[in-house]
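**Student:** Before anything else, here's the structure in question.
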Amino acid sequence: MTSSIRCAAPPDVDALLAALPARIADLPARRAAQ
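Residue numbers (this note's numbering): 6 to 39.
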């Protein structure tokens with residue numbers, strides 16, 4: 006099931022999923038900087 010979803014998903018979705026952990030880790034630092 007996961008493979009079929011991955012095949013149907015465009016490459017940019019994979020890139021967004023890969024970038025999510027870094028963005029989530031970056032949120033507290035941004036909030037503290039404001």
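Ideal Cβ positions, reconstructed from N, Cα and C, are used throughout, including at glycine.
(1) Pull up the distance between the alpha-carbon of Q39 and that of L25, whole angstroms please.
(2) Assign P26 to one of three DSSP states: helix, strand, or coil.
(3) Quick check: what's the CA-CA separation for R36 versus A30?
(4) Look at the alpha carbon of A20 and the alpha carbon of R28, and state the distance between them as a whole number of angstroms.
**Tutor:** The short version:
(1) 21 Å
(2) helix
(3) 11 Å
(4) 12 Å
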